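Note that the numbering used here gives residue 198 to position 195 of the sequence shown, counting from 1, and the numbers run on in steps of one.
See structure below.
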Amino acid sequence: MAIPERFSNLPEYAFPRLRALLSGIEPDLRAGDAPMVMTIGEPRHEMPEFVGRVMEAHIGQFAKYPSNEGTPALLDAIGNWLQRRYGITMSADRIMALNGTREGLFNAALALCPETKNGQRPAILVPNPFYQVYAVAAAAVGADPIFVPATPATGNLPDYAALPADLLDRVAIAYLCSPANPQGAVASRDDLKTLLRLAEAHDFLIFADECYSEIYRDTPPPGALAVATEMGLADRVVMFNSLSKRSNLPGLRSGFAAGSAANIALMRRLRSYAGAPLSLPAQAVSEAAWQDEAHVAASRALYQQKYRIADRVLGNVPGYRPVEAGFFLWLPVADGEEAAVKLWRRAGIQVLPGAYLSREVGGENPGRGFVRVALVASPDETDTALTRLREVLYDDDQD
């Protein structure tokens with residue numbers, strides 16, 4: 004049986020590509036050095052101390068089927084967090100629990116993308132580079148993915164407003180990741196207002212991926228749904244967030260989507276047939292996590308410490324940009340694959356070539372001249388690794 008072309012044309016995922024690239028290379032480690040993996044965005048800070056206690060108290064609920072959209076207590080906790088964080092009031096019918104944001108970012112396209120837009124095949128806007136689920140979602144609904152460069156020239160955010168009007172009229176969904184993965188850029192309130200006006204003028208939805216919103220240098224990033232609510236355009240946005248980065252709980256697979264009651268109802272309906280609800284013990288842990296800010300502040304302080312380390316170690320590297328938010332460095336190199344091989348061979352440090360997070364458009368891949376470095380280890384380990392990275396990639400001219 005033939006594989007549908009829209010899926011067979013998808014490139015291999017980033018991490019299998021990296022394993023193949025580095026296969027067979029034995030790193031030449033200095034005495035006392037150990038391999039360091041700085042590729043995947045898996046937080047290594049301590050998870051909240053209450054997780055085990057809450058899970059144990061609800062362990063018997065593994066014997067029950069969980070609610071599809073989230074327990075009332077969990078939806079209430081998320082709603083209260085949205086009020087505290089953004090000053091917006093969201094009723095329970097405008098929120099749904101997710102098995103992490105990846106599930107929601109994919110299934111929202113299935114539930115909300117029309118089959119045609121103005122009599123034509125719909126288009127979905129994707130920042131380039133990007134979180135790869137955006138492109139898979141576009142393929143799944145048969146839409147045209149439009150990869151829009153997000154480079155230093157555009158502030159590392161996609162300039163959707165520069166697209167032709169006839170293309171924008173075909174757009175059904177625009178993905179926006181702020182703080183951005185991998186560049187760490189933050190869409191300002193003005194950026195969000197411009198995108199919202201564009202969405203209103205051309206009648207499309209914004210899927211706001213905000214899972215790095217609680218990791219930032221100085222100022223909390225604005226939220227797309229909050230800005231849309233102020234503008235009277237809340238129906239234009241579906242926002243997504245999770246506990247993976249905020250609470251160092253990537254294995255819990257717990258997140259949420261929030262938007263208009265109509266959009267959330269369609270997402271819930273699809274999920275009732277094709278989704279996998281979060282277990283009740285996991286929902287109880289999630290409820291506790293959304294209610295607590297102390298562990299979030301403690302974790303954020305560690306990331307801010309690592310920002311300062313990166314600025315000190317790499318600050319005078321040409322093209323280095325201090326991280327605004329999130330926990331990735333997006334470092335300029337001549338070629339991402341060559342840099343990744345060199346760094347693994349010479350120092351036992353794994354980083355991800357930027358081209359693996361991007362698509363080639365018009366012969367150009369905007370990630371080719373970068374590597375992504377995850378600042379997820381301890382500050383001391385990060386200092387050691389970044390110092391060695393600088394020696395190999397920027398201070399040492401040997402091949």
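For each residue, glycine too, the CB sits at the ideal point set by N, CA and C.
Model, not experiment: these values are computed from the prediction.
Along the chain, where does the beta strand (DSSP E) that runs through residue i open and close?
i: residue 242; result: 240-245
i: residue 131; result: 126-131
i: residue 260; result: 258-261
i: residue 337; result: Here residue 337 belongs to no beta strand (DSSP E), and DSSP marks it neither H nor E.
Tell me whether residue i sits in a helix, a strand or coil according to DSSP, three-state version.
i: residue 328; result: strand
i: residue 314; result: helix
i: residue 346; result: helix
i: residue 3; result: Limits of the chain in this structure are 4 at one end and 402 at the other, which puts residue 3 out of reach.
i: residue 120; result: strand
i: residue 55; result: helix
i: residue 82; result: helix
i: residue 19; result: helix
i: residue 100; result: strand
i: residue 374; result: strand
i: residue 68; result: coil
i: residue 160; result: coil
i: residue 136; result: helix
i: residue 31; result: coil
Could you check the C-alpha separation between residue i and residue j for me, to the nearest Å?
i: residue 20; j: residue 359; result: 8 Å
i: residue 219; j: residue 301; result: 12 Å
i: residue 401; j: residue 192; result: Summary for residue 401: the model assigns pLDDT 45, below 50, so the residue's position carries little reliability; its value from the coordinates is reported in the next sentence. Spanning the two alpha carbons is a distance of roughly 45 Å.
i: residue 317; j: residue 22; result: 26 Å
i: residue 107; j: residue 209; result: 13 Å
i: residue 56; j: residue 242; result: 30 Å
i: residue 345; j: residue 315; result: 23 Å
i: residue 68; j: residue 270; result: 19 Å
i: residue 82; j: residue 59; result: 25 Å
i: residue 134; j: residue 125; result: 20 Å
i: residue 197; j: residue 101; result: 29 Å
i: residue 398; j: residue 156; result: 26 Å
Considering only residues of the same chain and omitting the five flanking positions on each side of residue i, which have a CB-CB separation below 6 Å?
i: residue 253; result: 45, 247
i: residue 275; result: 71
i: residue 326; result: 187, 310
i: residue 245; result: 103, 104, 214, 258
Out of the options, which has the shortest C-alpha to C-alpha gap to residue i?
i: residue 99; options: 263, 154, 136; result: 263
i: residue 221; options: 55, 329, 38; result: 329
i: residue 141; options: 110, 171, 365; result: 110
i: residue 211; options: 105, 345, 388; result: 105
i: residue 380; options: 40, 159, 357, 14; result: 40
i: residue 89; options: 223, 250, 382; result: 223
i: residue 27; options: 390, 347, 361, 392; result: 347
i: residue 103; options: 378, 319, 162, 258; result: 258
i: residue 80; options: 280, 288, 385, 369; result: 288
i: residue 158; options: 14, 144, 333; result: 333
i: residue 166; options: 341, 180, 130, 196; result: 130
i: residue 295; options: 36, 225, 125, 217; result: 217
i: residue 86; options: 120, 137, 261, 15; result: 261
i: residue 304; options: 152, 150, 176, 48; result: 48
i: residue 390; options: 313, 298, 116, 308; result: 313
Can you tell me where the alpha helix (DSSP H) holding residue i begins and where it ends?
i: residue 265; result: 264-277
i: residue 105; result: 103-115
i: residue 382; result: 382-393
i: residue 284; result: 283-294
To which residues of the same chain is residue i closer than 7 Å at the C-beta, ignoring the five residues directly before and after it?
i: residue 215; result: 182, 184, 248, 328, 329
i: residue 349; result: 31, 395
i: residue 84; result: 293
i: residue 232; result: 91
i: residue 150; result: 129, 131, 362, 364
Starting from the C-beta of residue i, find all residues in its chain whose C-beta is less than 8 Å away, skip the five residues before and the five after it, and write them out in chain order.
i: residue 343; result: 21, 24, 25, 353, 354, 355, 356, 374
i: residue 384; result: 39
i: residue 393; result: 316, 317, 320
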